[in-house]
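Asks: The structure that follows is given in the form of structure tokens.
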Amino acid sequence: MFGLTEDDFDVNAVIDRVRKPDMGALVTFLGTVRDDGGTEVMELEAYEEVAVRELETIRDEAFARYPIAAVEVIHRVGRLRVGENILLIVVGAGHRKEAFDACEYILERIKESVPIWKKEIGEGGERWVPGESHGGDA
């Protein structure tokens with residue numbers, strides 16, 4: 108799977124799907140809902156058509172910039188509780204440095220340009236979480 112979903116995902120299943128014999132490195136980033144002092148629930152909203160297109164662009168940029176063999180990105184939307192998965196990035200490459208660099212690049216680009224917004228809900232009410240640049244924050 109690649110893109111947005113309301114459903115949780117199986118991290119190990121995604122890693123197994125990406126794994127190939129010629130890869131010496133699989134780098135995984137897993138973002139989860141954290142309690143920022145009273146957070147109970149987080150609602151994630153996306154401009155889905157634009158978000159998916161931007162995720163595909165970021166994936167293509169990563170392939171063009173780094174010698175990598177595979178990229179999977181899954182970003183959840185909807186109502187999530189503390190501890191639930193939000194974002195999974197898996198990058199496969201021949202060597203660790205390329206995989207780490209590409210994974211970091213993908214994460215930072217998602218935060219900069221993918222239209223996904225987060226609202227934290229807790230005991231003290233609710234608040235929109237400021238994004239990095241374009242309003243998205245993974």
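Add 107 to a position in the sequence shown, counting from 1, and you land on the number used in this note's numbering. Idealized CB from N, CA, C, for every residue including glycine. Owing to the predicted nature of the structure, the values given are computational and were not obtained by experimental measurement.
#1: For the stretch 145–201, which segments carrying the alpha helix (DSSP H) assignment without a break, of at least 4 residues, lie completely within its bounds, in sequence order?
#2: Could you tell me which of Ile223, Arg234, Glu230, Gly229 sits nearest to Ala156, measuring between CA atoms?
#3: In or out: Gly190 buried (at least 16 other Cβ within 10 Å) or exposed?
#4: Does the Cβ of His202 have 16 or more other Cβ atoms within 10 Å, making it buried, or fewer, making it exposed?
#5: May I ask you to report which of helix, strand or coil DSSP gives Phe207?
#6: Ala169 and Val178 - do their beta-carbons sit closer together than 8 Å?
#7: So Val121 is in the alpha helix (DSSP H); what residue range does that whole segment cover?
Replies: Working from what's here:
#1: 155–172
#2: Sequence index remark: in the sequence shown, residue 156 carries index 49 (1-based). What sits at residue 156 in the sequence shown is Glu, not Ala. The shortest C-alpha separation from Glu156 is found at Ile223.
#3: Taking the sequence shown and counting its residues from 1, one reaches residue 190 at position 83. Counting every other CB atom within 10 Å of its CB across the protein chains shown gives Gly190 a total below 16, marking it as exposed.
#4: The sequence position of residue 202 within the sequence shown is 95, counting from 1. So His202 ends up on the exposed side.
#5: As a first step, residue 207 is located in the sequence shown; it is residue number 100 there, counting from the start. Three-state result, Phe207: helix.
#6: Reading the sequence shown from its first residue, position 71 is the one you call residue 178. Reading the sequence shown from its first residue, position 62 is the one you call residue 169. For Val178 and Ala169, yes; Cβs fall inside 8 Å.
#7: On the sequence shown, residue 121 is found 14 positions in, with the first residue counted as 1. Where Val121 is concerned, the enclosing alpha helix (DSSP H) stretches over 118–125.
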